[in-house]
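In this text, residue positions in the sequence shown follow my numbering: the first is 93, and each later residue adds one. Idealized CB from N, CA, C, for every residue including glycine. Notes to accompany the following structure.
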Amino acid sequence: MLLSIEPDGPVPIYQQIRDRIIEAIATGTQPAGSGLPATRQLAVDLGVNFHTVNKSYDALRQEGLLRIGRKSGAVVRRDASSGPPDPGWELDWAARLRTLLAEAAAQGLPAAEIIGHCETALAAFDFPPDAAKVAEVADPADPADFAPEGDS
93 MLLSIEPDGP VPIYQQIRDR IIEAIATGTQ PAGSGLPATR QLAVDLGVNF
143 HTVNKSYDAL RQEGLLRIGR KSGAVVRRDA SSGPPDPGWE LDWAARLRTL
193 LAEAAAQGLP AAEIIGHCET ALAAFDFPPD AAKVAEVADP ADPADFAPEG
243 DS
């Protein structure tokens with residue numbers, strides 16, 4: 093697994109490692125059941141302390157994306173084809189998404205550009221076939237496309 097980090101960047105290294113692994117899962121590069129490098133090996137490869145990698149792996153474990161075992165090491169627990177997320181996950185995610193979108197709006201990025209960035213990012217992910225159909229049919233301008241069933 094090739095990861096690229098910015099050691100002197102503004103984002104903490106453990107967060108960068110976590111983010112790159114999530115991106116690898118979302119793009120299908122690291123599907124469910126695939127193993128990740130041992131924490132010490134990845135730390136050597138990246139030139140960071142192994143506790144930094146351990147912190148990333150533990151965050152991913154707490155988020156339900158990794159399974160960590162003494163014998164098996166770190167293994168991807170779920171990906172886009174693993175079914176719906178754990179209960180309650182979506183509420184936290186929606187709050188974080190709102191903050192990211194608010195950052196873009198506060199910086200003066202026009203709504204059309206924000207949506208364009210979202211569409212570009214989504215196009216890179218490996219959605220299961222049913223999810224891709226929903227994404228193609230949904231009209232961002234029509235709130236009914238995003239209302240929970242029974243609310244329309």
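Starting from the Cα of residue i, find the closest Cα among the options and give me that residue.
i, options, result
"residue 220", "175, 180 and 200", "175"
"residue 96", "202, 150 and 135", "135"
"residue 146", "182, 170 and 108", "108"
"residue 127", "101, 165 and 141", "165"
"residue 173", "122, 149 and 105", "122"
"residue 149", "183, 99 and 159", "159"
"residue 163", "170, 201 and 129", "129"
"residue 151", "105, 139, 198 and 187", "105"
"residue 100", "211, 140, 192 and 202", "140"
Pop quiz: residue i and residue j are said to be a contact at Cβ under 8 Å. What is the actual Cβ separation, rounded to whole angstroms?
i, j, result
"residue 218", "residue 120", "3 Å"
"residue 168", "residue 114", "That pair is no contact at about 10 Å."
"residue 196", "residue 206", "5 Å"
Ends of the alpha helix (DSSP H) at residue i?
i, result
"residue 137", "131-138"
"residue 108", "105-119"
At a Cβ threshold of 8 Å, is residue i touching chain D?
i, result
"residue 214", "Reference to chain D is not applicable here, since this structure consists of a single protein chain."
Give, in chain order, every unbroken run of the alpha helix (DSSP H) that is at least 4 residues long and sits entirely within the stretch 141-228.
142-154, 181-198 and 203-215
May I ask you to verify whether the stretch 101-116 touches the stretch 150-158, counting CB pairs closer than 8 Å and requiring at least 3?
yes
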